[in-house]
Structures are given as C-alpha cells and as structure tokens.
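Just so we're on the same page, our numbering is the position in the sequence shown counted from 1, plus 1220.
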Amino acid sequence: MTKPVVLVAMPIGAALRERLATRYDLHGPLAQPAPIPEAARGARALITLGGFRTDAALMAALPELGLIACYGTGFEGVDAKAAAQRGILVTHAGDANAASVAEFAMGLVLATARDILVGDRLIRDGKWTSLRIDRMPLVSGLAGRRLGIYGLGSIGLQIARRAAAFDMEIGYHNRSPRPGLGYAYHASLTELAAWSDILVVAVRAGAATEKVVDSAVLEALGPTGILVNIARGSVVDEAALCTALETGRLGGAGLDVFAHEPHVPERLARLSNVVLTPHMAALARSAQERQQQLLLDNLEAFFTGGTVRHRIPGSV
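Put into structure tokens, the structure is as follows:
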C-alpha cells in the first residue's frame, strides 16, 4: 500500500523522523524559504512550526494539502484565512508543553530577581573572597511582590499557580477578564506593567501583539521592574528593550525568545542585567513526548477520518 505523503517544514529529531517514516512517505525539512521538492508536491499533511511562514503561496504549491500541523503551541506564521478558504485543517500542540514552559518562566523569574547568574559568575571569576553580608547586592526576593502575566491562557495560568506558591501577588491582562480565578485583572497592558514588579509575557503571537511591549510599557514597569518573555520575540520591541536596559529605565530581563532567532542582538548579550536562553522553555522530555504523541495522533486521525484535536480558531 502506498504511504500518504507528509512534508516536514522544520528539522526534527531522528527518533521522531523514524516514527513518522514507518507510516508516511516523509519529505523535508525545507529551507526557509524554499521551493517544494517535486516528490513532496502531493503532500496531504504539512508539519511546521508556528514561527515558520506558511502562506497562501506555499499552500498553493501543495494542491493535495489537507492538514497543517504546528508542532508547538504557536501558529502565528500560518495564514489561517487562506487555509480556511482551501478547506485545510490547522492544528497546534494545545497545552502539551504548558507545564514545561511555566516552570521555565519561573526559572527565569528566579534567575533574574535573585541574581543567580551574577552569583555564578562571581564564583567562576574567583571573586568570592569573604563571608561579608554585602558580598552580593541585596535583592527584594519574591514573597509579597507583584507578578503581572500578559496572556492568561494555559501557560499563563500555570505560571500564576507556581508564582502563588512563592507567595506572590498575581495580576494579569487579557482581551477580557477570566472570572472566578481571584487574580487582579488590569484593563490595559500599560496598567498591568505599572502595577507589576515582574511582568511575564505569555501571550500568543500575532499581528495584534507585534511589538506591543513597547517603550511605554517598559517605562511603566520601571527601573526596578523585570521583564520575562517566554512567548515570542515579536511581542517585544527589542530595540526599545535594549535602550531601557542600557539606560536603567528597566531593572532587568529574562528572555527565552527573540525577534530574529537564532540571532540575539549584541546589545542584549553584553548586558549584565539580562538572563538569555536559546528558546528552550519547552525542551523538557515530558513536554516533547506529549507534543510528539499529539502530532502522531492527529496525523492518524486525519488520515483515518477520526477527530483531529486542537484546531486553531477559525479552522475548518
């Protein structure tokens, strides 16, 4: 029996590739941008990442396409309108990696607020020479401080629960309030930033949120405030962030995502009040196993007429 053709847009690990190849005629990964290999033009399913551009032209180059499966939770690069017009299902990973990303967000909160990497560098540089109380700058800690969460979806909710365990006060900004949670809702992002000691960005990326964390929001967060971003680099005005950190108008930042990955601006890399990680919040074994199983289940459901889970809003 002929295997269904599946095109993979991004690089994947050997184990997942092997599992896919047992069921499907697998092609890819694609360079970005790239012509479609002739053998892949009959692909019925496309596996991609939310940050990759999946536009009408790419869909047109795959006339048999019926499913776009975003491996992660994001889907901002998919032209949802074009997909709907073509009758193409679009799915994402739902909350498969929410716990992993939330715990990593709290790791960045701790690393930035408690100067963990500053202490690490102090030891590695051979500068720990006494037991004086002021051997490290005193910090405020987390208990009693205000954590603002921009985007109280599945990841944001898990961040809130973890922050509450540190005795932090929780506030959030969403498109609309979420009743029954007991967290303080703020009607605007700037209002939330002004209220917060630490602002965690967990909102979904898209045209409506591009560079929404701008100079005004950073100014509201203030010279003792900390920004943590585990969402997408596009949500933050990176140039404004660099300026705020360089001039002391923002206290610090913990960043797992950047505007033009894998490029990280040198302006950020040379700052001592920033913790930088390479988009690794979801790279826990448990999260990857759940994402891979969901992908495999959705492909199986699509090709056998079953129920495909976690369709994006507006998907057919």
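Glycine included, every Cβ here is placed at the ideal spot set by N, Cα and C.
Could you give the residue range of the beta strand (DSSP E) that holds Pro1504?
Reading the sequence shown from its first residue, position 284 is the one you call residue 1504. According to the sequence shown, residue 1504 is Ala rather than Pro. Unbroken run through Ala1504: none, as it is neither H nor E.
Kindly indicate the opening and closing residues of the alpha helix (DSSP H) around Ile1353.
For the purposes of this step, residue 1353 is identified with residue 133 of the sequence shown, where counting begins at 1. Element bounds for Ile1353: n/a, residue is neither H nor E.
Taking only the alpha-carbon atoms, compute the straight-line gap between Ala1414 and Ala1501 and give it to the nearest angstrom.
In the sequence shown, the residue the question calls residue 1414 occupies position 194. In the sequence shown, the residue the question calls residue 1501 occupies position 281. When rounded, the distance between both Cα atoms is 26 Å.
Using a Cβ-Cβ cutoff of less than 6 Å, which residues in the same chain neighbour Arg1306 once the five nearest sequence positions on both sides are dropped?
Residue numbering aside, residue 1306 sits at position 86 when the sequence shown is read from its first letter. So the list reads Met1279, once near-sequence residues are dropped.
If you check the beta carbons only, do Ala1460 and Ala1325 fall under 9 Å apart?
Residue numbering aside, residue 1460 sits at position 240 when the sequence shown is read from its first letter. Residue numbering aside, residue 1325 sits at position 105 when the sequence shown is read from its first letter. Cβ atoms of Ala1460 and Ala1325: not closer than 9 Å.
Collapsed DSSP secondary structure at Thr1268 in the structure displayed:
Start at 1 with the first residue of the sequence shown, and residue 1268 comes out as number 48. Strand at Thr1268.
Can you name the residues that DSSP bridges to Val1536?
Position 316 of the sequence shown, counting from 1, holds the residue named residue 1536. None, per the DSSP bridge assignment.
Would you call the segment 1309-1329 and the segment 1343-1360 in contact, with 3 or more CB pairs under 8 Å?
no
If we ignore side chains and look at the alpha-carbon of each, how far apart do Tyr1392 and Glu1430 end up?
As a position in the sequence shown, residue 1392 is number 172, starting the count at 1. As a position in the sequence shown, residue 1430 is number 210, starting the count at 1. Note on geometry: alpha-carbon atoms of Tyr1392 and Glu1430 lie some 18 Å from one another.
For Asn1437, is the classification buried or exposed, using 16 other Cβ atoms within 10 angstroms of its Cβ as the cut-off for buried?
The count along the sequence shown starts at 1 and reaches residue 1437 at position 217. Reading off the sequence, residue 1437 comes out as Val, not Asn. Around the C-beta of Val1437, 16 or more other C-beta atoms lie within 10 Å, and the residue is accordingly described as buried.
Mark Met1356 as exposed unless 16 or more other C-beta atoms lie within 10 angstroms of its C-beta, in which case mark it buried.
For the purposes of this step, residue 1356 is identified with residue 136 of the sequence shown, where counting begins at 1. Met1356 is exposed by the Cβ-count criterion.
Close beta carbons around Asp1457, own chain, < 6 Å, minus the five adjacent residues each side
Against the sequence shown, residue 1457 aligns to sequence position 237. Excluding positions up to five away in sequence, the list reads Lys1431 and Asp1434.
Here's the rule: buried if 16 or more other CB atoms are within 10 angstroms of the residue's CB, otherwise exposed. What is Ile1353?
The residue labelled residue 1353 in the question sits at position 133 within the sequence shown. Exposed, since its Cβ has fewer than 16 Cβ neighbours within 10 Å.
Helix, strand or coil at Gly1339 [DSSP, three-state]:
Mapped onto the sequence shown, residue 1339 falls at position 119. If DSSP states are grouped into helix, strand and coil, Gly1339 belongs with the helices.
Does the contact criterion of 3 or more C-beta pairs under 8 Å hold for the segment 1234-1249 versus the segment 1281-1288?
no
Report yes or no: do three or more beta-carbon pairs, one from the segment 1269-1277 and one from the segment 1222-1230, lie closer than 8 Å?
yes
Assign Gln1512 to one of two classes, buried (16 or more other C-beta atoms within 10 Å of its C-beta) or exposed (fewer than that).
As a first step, residue 1512 must be located in the sequence shown, where it is residue number 292. With 16 or more Cβ atoms within 10 Å of its Cβ, Gln1512 is classed as buried.
So, Thr1311 versus Gly1474, is the Cβ gap smaller than 9 Å?
If you number the sequence shown from 1, residue 1311 lands on position 91. If you number the sequence shown from 1, residue 1474 lands on position 254. No.
Short of 7 Å in beta carbon distance, which residues of its chain neighbour Arg1382, apart from the five on each side in sequence? Order them along the chain.
As a first step, residue 1382 is located in the sequence shown; it is residue number 162 there, counting from the start. Counting only Cβ-Cβ distances below 7 Å, and skipping sequence neighbours, we find Ala1322, Glu1323 and Met1326.
Please work out which residues of its chain come closer than 8 Å, Cβ to Cβ, to His1406, disregarding the five sequence neighbours upstream and downstream, and give them in chain order.
If you number the sequence shown from 1, residue 1406 lands on position 186. Around His1406: Gly1368, Gly1391, Tyr1392, His1393, Leu1412 and Trp1415.
Taking DSSP's pairing of strands, which residues face Ala1404 in a bridge?
Position 184 of the sequence shown, counted from the start, is the residue given in the question as residue 1404. Partner(s): Gly1391.
Could you spell out where the alpha helix (DSSP H) holding Val1433 opens and where it closes?
Translated into the one-based positions of the sequence shown, residue 1433 becomes position 213. Note, Val1433: premise wrong, no alpha helix (DSSP H); not H, not E.
Proximity of Ile1178 and Arg1366 at Cβ, strictly below 9 Å
Residue numbering for the chain in the displayed model covers 1221 to 1536; residue 1178 lies beyond these limits and cannot be assessed.
Taking 9 Å as the threshold (C-beta atoms), are Val1477 and Ile1450 in contact?
As a working mapping, residue 1450 is identified with position 230 in the sequence shown. As a working mapping, residue 1477 is identified with position 257 in the sequence shown. A contact, by the Cβ cut-off of 9 Å.
Please report how far the alpha carbon of Ser1396 lies from the alpha carbon of Leu1515, in whole angstroms.
By 1-based counting over the sequence shown, the position of residue 1396 is 176. By 1-based counting over the sequence shown, the position of residue 1515 is 295. When rounded, the distance between both Cα atoms is 30 Å.
Sheet register partners of Thr1274 (DSSP bridge):
Locating residue 1274 in the sequence shown gives position 54, where the first residue counts as 1. Listed as beta-bridge partners of Thr1274 by DSSP are Val1298.
Could you give the DSSP three-state label for Ile1256: helix, strand or coil?
Translated into positions along the sequence shown, residue 1256 becomes position 36. Assignment of Ile1256 by DSSP, reduced to helix, strand and coil, places it in the coil class.
Whose C-alpha, out of Ala1251, Pro1249, Ile1256 and Ala1265, is nearest the C-alpha of Glu1524?
The sequence position of residue 1524 within the sequence shown is 304, counting from 1. The sequence as given places Thr at residue 1524; Glu does not occur at that position. Taking only the C-alpha atoms, the option nearest Thr1524 is Ala1265.
Out of Gly1400, Gly1442 and Ala1380, state which residue places its alpha-carbon closest to the alpha-carbon of Thr1410.
As a first step, residue 1410 must be located in the sequence shown, where it is residue number 190. The residue among Gly1400, Gly1442 and Ala1380 with its C-alpha nearest the C-alpha of Thr1410 is Gly1442.
To the nearest angstrom, how far is it from the Cα of His1480 to the Cα of Ser1350?
To locate residue 1480, count along the sequence shown from 1; it is residue 260. To locate residue 1350, count along the sequence shown from 1; it is residue 130. Straight-line Cα distance between these residues: approximately 42 Å.
Going by DSSP, name the residue or residues bridged to Asn1449.
Reading the sequence shown from its first residue, position 229 is the one you call residue 1449. Val1421 and Leu1475, per the DSSP bridge assignment.
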